[in-house]
Amino acid sequence: MDVVVVESPAKAKTINKYLGKGYKVLASYGHVRDLPPKDGSVRPDEDFAMSWQVDSASNKRLTEIAKALKDADNLILATDPDREGEAISWHVLDVLNKKRALKDKPVSRVVFNAITKKSVLEAMANPRRIDDDLVNAYLARRALDYLFGFTLSPVLWRKLPGSRSAGRVQSVALRLVCSREAEIERFIREDYWMVAGTFLTPRGDSFSARLTTFDGKRTNKLDIRDEDHAKRIETVLNQSAFRVESVEAKPGKRNPGPPFTTSTLQQAASSRMGFGASRTMQVAQRLYEGVDIGGETAGLITYMRTDGVQMAPEAVSDARSAIGAEFGERYVPEKPRHYSTKAKNAQEAHEAIRPTDFTRTPASVKRFLDPDQFRLYDLVWKRAIASQMAAADLERTTVELIASGGGAPATLRANGQVIRFDGFLAAYTDQRDEDDKGDDENDDRRLPEIRANEDAERKAIEVTKSTTEPPPRYSEASLIKKMEELGIGRPSTYAATLQTLQDRNYVKVESRKLVPESRGRIVTAFLENFFDKYVEYDFTAGLEQELDQISDGKASWKEVLARFWRDFSSHVDDTKELRVSDVLDRLNDELATVAFPDRGDGSNPRTCPKCGNGELSLKLGKFGAFVGCSNYPDCSFTRQLDGPPEGDGAAAGLDDGPKVLGTDPHTGEEITLRSGRFGPYVQRGEGKEAKRGSIPKGWAVEDIDHEKALALVNLPRDVGQHPESGKMISAGIGRYGPFLLHDGKYANLETVEDVFSIGINRAVTVIAEKAKNGGRGRAKAAALKELGDHPDGGAMTVRDGRYGPYVNWGKVNATLPKGKDPASVTVEDALQLIAAKIEKGGGKKTAAKKSPAKKKAPAKKKAPVKKKTAATAKEV
């Protein structure tokens with residue numbers, strides 16, 4: 001028997017069917033160990049020695065592999081065909097060697113780009129050794145990222161409280177987002193006018209043409225900046241006669257684009273389907289690992305982490321055969337198409353993303369796939385099949401009109417395009433390739449029959465006012481494209497990098513656009529001013545090139561690390577001497593337009609609007625940066641960094657200080673509306689004993705009156721005594737929204753308004769319904785997704801809880817990362833989250849509780865046993 005190790009149980013299940021008896025396929029569940037998240041895991045002074053840690057879940061997997069090897073003849077490492085896959089195989093082998101589990105058994109490495117029976121069996125027939133160069137490139141990358149983050153992040157914590165981390169690729173991606181935001185803020189809008197006309201041919205057909213020259217001068221899109229000038233042109237054209245000077249039809253071709261790479265797939269899925277990068281990769285992973293198609297489990301697409309644009313020769317041949325069968329021989333070009341990438345630092349060792357079988361059309365497999373899987377497979381299949389189809393034949397027509405007799409000569413132009421043969425466009429239901437931008441030169445509008453030297457009747461002249469627009473914010477897709485162009489990061493890192501930026505609250509997504517948070521802008525400004533070299537695009541791309549040289553065996557990984565560390569550590573040491581005041585002075589200048597925007601009245605934007613003589617400046621607190629007055633504590637004016645220009649309470653007129661709303665009829669204390677560092681709030685009284693209440697989400701500040709303020713400061717509200725227990729039921733607004741509280745147990749309310757209006761009868765009903773659902777104080781959330789059983793026993797599910805979606809296994813609840821789609825959680829995701837939760841002390845293993853030995857052990861001996869076991873599991 002041979003033991004085969006892959007990453008995931010889904011992949012193991014599929015491959016086990018292909019190999020049959022004589023093989024035992026086990027899953028490592030991704031990486032089995034990593035650098036502990038603490039200082040000293042990489043030690044430059046010890047020739048970059050690294051300490052690795054195995055988590056408890058991975059240790060169990062490795063123990064199972066070691067146990068299986070006792071009766072095995074060979075170990076076959078069949079992890080993914082990339083740098084990460086090579087590293088996983090190396091980690092597994094290294095741990096097994098340290099466990100002395102191999103005992104001179106042969107070890108081989110196999111790779112396959114597609115999980116099909118043919119690909120797997122061919123790979124098994126052609127084993128090789130672990131590629132040391134790829135492993136060294138992984139070690140260099142992992143050490144670089146660790147040294148960058150764990151050296152620079154503490155500097156951020158000391159100099160910029162509230163900042164969470166910096167990363168070698170993450171910080172450069174953040175800089176791109178912040179730089180674009182700065183461009184938008186600096187942009188000055190300008191008005192311009194466009195002039196066009198609608199005309200009729202002698203045969204009564206209409207067409208449109210736009211102005212190209214007037215009075216001997218060319219008029220480009222932004223050339224008409226004066227409304228009077230636009231009106232003069234309109235007057236002249238309305239008095240002119242028009243003649244067709246020329247009609248020119250030129251044949252043209254449009255060629256298909258290459259098959260998808262990781263980044264282009266993420267971009268297309270974002271623009272076409274609104275998928276985030278993480279969601280795209282999760283769905284692609286399931287298509288790659290295998291789907292049950294009528295009783296047969298097969299991988300539908302090739303490996304999805306690649307920047308290669310070529311398909312294997314046999315795949316090209318299969319695609320050409322499928323094109324002939326699906327579309328006709330006319331759509332098969334005379335020769336196969338070959339592509340080369342234009343992306344900087346691209347490695348084309350792997351194929352592009354393509355279907356494993358071109359005869360599996362999207363329509364034929366639709367019933368076996370969920371909606372997301374089908375849409376992504378449809379995208380991959382069409383792009384790959386189109387890449388080998390014939391070009392589309394086009395005819396582009398340009399018509400020139402001359403205006404005369406109106407007082408000044410003018411010309412207008414009409415463009416049109418006719419598709420004579422659709423070619424590869426036949427693969428797309430909308431008849432348009434993803435890369436087509438639909439500009440004026442590729443106008444798909446078809447012109448009517450127009451002849452040279454004939455008159456054209458003026459139907460209407462239109463003058464349209466427009467405004468120049470700033471460059472758009474990056475979307476996930478456009479940021480990935482930019483990073484790829486600059487050579488920053490690798491295809492496998494893009495999704496994780498974007499997710500980290502959101503998890504760190506450095507950026508947020510609004511209408512599918514990336515908007516930098518104030519925290520992200522502060523970090524970027526700090527790095528640009530004090531670590532400029534390390535967030536330069538060329539520097540980061542240069543490091544990627546050195547990593548590529550390591551993987552090609554052309555550079556020593558430790559020499560690359562030594563060069564980086566020598567300069568970086570010296571720079572960090574210099575920065576440690578900076579005073580926070582020096583940092584803030586620099587940031588005040590760098591972020592002046594953000595922190596102190598122009599008020600529009602000619603006043604100094606840094607003058608405190610409350611006391612009138614203090615100077616506004618950036619301040620650093622426990623939760624990050626904010627704007628405050630230099631006269632603190634005499635002046636308490638504060639404003640969030642990204643708040644309104646005149647303070648958080650500008651709409652309510654709070655910039656001049658608290659707004660008096662009235663008095664509390666029971667205490668006689670004054671009730672005021674105020675603006676604080678975290679937004680507007682109401683307050684009753686003064687000093688330490690003052691009662692405060694935040695403005696609920698959805699309530700407009702300007703609508704807060706005495707009645708509403710009084711209700712807020714008197715929360716929680718007593719609803720009445722429960723008829724059975726006799727204990728009081730109260731209603732209030734907490735960190736997680738409106739609630740009812742009875743006998744120490746909470747029940748959620750639907751709206752804030754319910755807090756003030758709910759009566760005793762409905763309150764009793766809500767509490768009873770909550771109790772009926774079970775749970776200690778709150779109902780157990782219904783399962784959103786069943787994941788199957790944990791290897792240690794017990795069901796794993798995805799649920800939606802009070803704090804957001806989470807994975808549940810027994811008494812272990814592991815919160816999903818921010819932005820993670822609950823429907824996309826895989827078994828592997830769940831196991832990793834559960835293991836991480838247990839490592840942090842967030843739950844106990846079910847299996848451990850069932851151990852009779854531990855139940856009988858004396859209490860005083862139990863603790864040392866558990867401690868020793870935990871230590872052993874972590875040491876490798």
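Position one of the sequence shown corresponds to residue 1 (UniProt numbering), numbered consecutively onward.
A virtual CB, placed ideally from N, CA and C, is assigned to each residue, including glycine.
**Proximity winner among Leu620, Ser41 and Glu615, relative to Asp634 (alpha-carbon distances)** = Taking the first residue of the sequence shown as position 1, residue 634 is located at position 634. That would be Glu615, whose Cα lies nearest to the Cα of Asp634.
**Item:** For His571, the three-state DSSP class (helix, strand or coil)
**Value:** Here residue 571 is taken as the residue at index 571 of the sequence shown, counted from 1. Secondary structure at His571: helix, using DSSP grouped into helix, strand and coil.
**Asked** Roughly how many angstroms separate the alpha carbons of Asp821 and Ala78, rounded to a whole number?
**Response** In the sequence shown, counting from the first residue as 1, residue 821 sits at position 821. In the sequence shown, counting from the first residue as 1, residue 78 sits at position 78. Roughly 29 Å separates the two Cα atoms.
**Asked** Short check: CB of Leu831 to CB of Ala68, under 8 Å?
**Response** As a working note, residue 831 is residue 831 in the sequence shown. As a working note, residue 68 is residue 68 in the sequence shown. No, the pair does not count as a contact, with Cβ atoms beyond the cut-off.
**Request:** Out of Glu485, Ala477 and Asp307, state which residue places its alpha-carbon closest to the alpha-carbon of Leu498.
**Result:** In the sequence shown, counting from the first residue as 1, residue 498 sits at position 498. Of the residues Glu485, Ala477 and Asp307, the one whose Cα lies closest to the Cα of Leu498 is Ala477.
**Asked** I think Gln310 touches His338, with their Cβ atoms under 8 Å apart; what is that distance to the nearest whole Å?
**Response** Taking the sequence shown and counting its residues from 1, one reaches residue 310 at position 310. Taking the sequence shown and counting its residues from 1, one reaches residue 338 at position 338. Going by Cβ atoms, the distance from Gln310 to His338 rounds to 7 Å, so yes, they are a contact pair.
**Asked** Residues in its own chain within less than 6 Å of Val247 by CB, not counting five upstream and five downstream?
**Response** If you number the sequence shown from 1, residue 247 lands on position 247. Once the five neighbours on either side are set aside, the close Cβ partners of Val247 are Val399, Ile450 and Ala452.
**Prompt:** Which residue's Cα is closest to the Cα of Ser89: Ala101, Glu517, Asp71 and Val110?
**Reply:** Counted from its first residue, the sequence shown places residue 89 at position 89. Of Ala101, Glu517, Asp71 and Val110, the residue nearest in Cα terms is Val110.
**Prompt:** For Ser387, which residues from the same chain have a beta carbon less than 6 Å from its beta carbon, with the 5 sequence-adjacent residues on both sides left out?
**Reply:** As a working note, residue 387 is residue 387 in the sequence shown. Within the same chain, Pro256, Pro258 and Pro259 come within 6 Å of Ser387 by CB-CB distance, once the 5 residues on both sides are set aside.
**Message:** Check this for me: beta carbons of Thr359 and Trp381, under 8 Å apart or not?
**Reply:** What you label residue 359 is simply residue 359 of the sequence shown in a count that begins at 1. What you label residue 381 is simply residue 381 of the sequence shown in a count that begins at 1. No, these two residues do not count as a Cβ contact at 8 Å.
**Message:** I'd like to know whether the C-beta atoms of Arg512 and Ser475 end up nearer to each other than 8 Å.
**Reply:** Numbered from its first residue, the sequence shown carries residue 512 at position 512. Numbered from its first residue, the sequence shown carries residue 475 at position 475. Contact: yes.
**Request:** Return the bridge partner residues of Lys785 from the DSSP annotation.
**Result:** Counting from 1 along the sequence shown, the entry for residue 785 is found at position 785. Answer is Val798, bridged to Lys785.
**Asked** Tell me, which residues are paired with Tyr806 by DSSP?
**Response** What you label residue 806 is simply residue 806 of the sequence shown in a count that begins at 1. In DSSP, Tyr806 forms a bridge with Arg799 and Thr815.
**Prompt:** Hey, Pro470 and Ile184: beta-carbon distance below 8 Å or not?
**Reply:** To locate residue 470, count along the sequence shown from 1; it is residue 470. To locate residue 184, count along the sequence shown from 1; it is residue 184. Yes, Cβ-Cβ distance for Pro470 and Ile184 is below 8 Å.
**Prompt:** Hey, how far is the Cα of Leu740 from the Cα of Ser725?
**Reply:** Taking the first residue of the sequence shown as 1, we reach residue 740 at position 740. Taking the first residue of the sequence shown as 1, we reach residue 725 at position 725. Between the alpha carbons of Leu740 and Ser725 lies a distance of about 15 Å.
**Asked** Does the distance from the C-beta atom of Leu211 to that of Ala410 stay below 8 Å?
**Response** Counted from its first residue, the sequence shown places residue 211 at position 211. Counted from its first residue, the sequence shown places residue 410 at position 410. Yes, they are a contact pair.
**Coarse secondary structure for Gly662, derived from DSSP in three states** = Counting from one through the sequence shown, the residue named residue 662 turns up at place 662. DSSP, reduced to helix, strand and coil, places Gly662 within a strand of the structure shown.
**Item:** Three-pair Cβ contact test at 8 Å for the region 535-555 versus the region 125-141
**Value:** Contact between the region 535-555 and the region 125-141 is present, because at least three Cβ pairs lie under 8 Å.
**Asked** What first and last residue would you give for the alpha helix (DSSP H) that runs through Pro313?
**Response** Counted from its first residue, the sequence shown places residue 313 at position 313. Segment Pro313 to Glu326, the alpha helix (DSSP H) holding Pro313.
**Asked** What's the C-alpha gap between Ser28 and Thr63?
**Response** Residue 28 sits at position 28 when you count from the first residue of the sequence shown. Residue 63 sits at position 63 when you count from the first residue of the sequence shown. Distance between the alpha carbons of Ser28 and Thr63 is about 11 Å.
**Message:** List, from N- to C-terminal side, the alpha helix (DSSP H) runs of 4 residues or more that fit wholly inside the region 481-568.
**Reply:** Listed in chain order, they are 491-503, 518-530 and 537-551.
**Prompt:** So, helix, strand or coil for Gln285, using DSSP?
**Reply:** Locating residue 285 in the sequence shown gives position 285, counting from the first residue. The answer is helix: DSSP assigns Gln285 an H, G or I state.
**Asked** Are three or more beta carbon pairs between the region 170-188 and the region 213-221 nearer than 8 Å?
**Response** No, they do not touch.
**Prompt:** The alpha helix (DSSP H) spanning Met273 covers which residue range?
**Reply:** Mapped onto the sequence shown, residue 273 falls at position 273. Met273: member of the alpha helix (DSSP H) spanning Thr262 to Met273, first to last residue.
**Message:** Please give the ranges of any alpha helix (DSSP H) in the UniProt domain "Toprim" (1-117), keeping only runs that are unbroken, at least 4 residues long and fully inside the region.
**Reply:** Taking only runs of at least 4 residues, the alpha helix (DSSP H) segments lying wholly in the UniProt domain "Toprim" (1-117) are 9-19, 56-69 and 83-98.
**Prompt:** What residues in its chain sit with their C-beta under 8 Å from that of Gly294, if we drop five residues either side in the sequence?
**Reply:** By one-based count along the sequence shown, residue 294 stands at place 294. Cβ neighbours of Gly294 beyond the five flanking positions: Phe368.
**For Met728, three-class secondary structure by DSSP** = Taking the first residue of the sequence shown as 1, we reach residue 728 at position 728. In this structure, Met728 counts as strand in the three-state DSSP scheme.
**Asked** When the cut-off is 8 Å and only beta carbons count, does Leu673 lie next to chain C?
**Response** Absence of chain C from the displayed structure is noted, only one protein chain being present.
**Prompt:** So which of Arg762, Gly407, His350 and Val332 has the shortest CA-CA distance to Ile385?
**Reply:** As a working mapping, residue 385 is identified with position 385 in the sequence shown. Checking every option, the nearest Cα to that of Ile385 belongs to Val332.
**Message:** Under 8 Å: do the region 585-598 and the region 169-179 share three or more Cβ pairs, one atom per stretch?
**Reply:** Between the region 585-598 and the region 169-179, the count of Cβ pairs shorter than 8 Å is below three; the stretches do not touch.
**Prompt:** Around the C-beta of Phe187, are 16 or more other C-beta atoms found within 10 angstroms, so that it is buried, or is it exposed?
**Reply:** On the sequence shown, residue 187 is found 187 positions in, with the first residue counted as 1. Answer is exposed; the Cβ neighbour count stays below 16.
**Asked** Taking the DSSP output, what are the residues bridged to Gln832?
**Response** Translated into positions along the sequence shown, residue 832 becomes position 832. Paired residues: none, contrary to the question.
**Item:** Identity of the residue in His666, Thr540, Asp82 and Phe242 nearest Leu144 by Cα
**Value:** If you number the sequence shown from 1, residue 144 lands on position 144. Among His666, Thr540, Asp82 and Phe242, the Cα nearest to that of Leu144 belongs to Thr540.
**Message:** Within a Cβ cutoff of 6 Å, which residues of the same chain sit near Glu395, ignoring the five residues on either side of it in sequence?
**Reply:** Position 395 of the sequence shown, counted from the first residue, corresponds to residue 395. Taking Glu395 as the centre and dropping the five residues before and after it, the same chain places the C-beta of Ala249, Pro251, Val418 and Arg420 closer than 6 Å to its C-beta, in chain order.
**Item:** Buried versus exposed, by CB contacts within 10 Å (16 or more), Arg432
**Value:** Sequence index remark: in the sequence shown, residue 432 carries index 432 (1-based). Reliability fails at Arg432, whose pLDDT of 39 lies under 50, so the model's placement of it is uncertain and the value that follows must be treated cautiously. Around the beta carbon of Arg432, a 10 Å sphere encloses fewer than 16 other beta carbons of the protein chains shown; the residue is thus reported as exposed.
**Prompt:** Where does Gly612 fall in DSSP's three states?
**Reply:** Residue 612 sits at position 612 when you count from the first residue of the sequence shown. Three-state DSSP puts Gly612 in coil, outside helix and strand.
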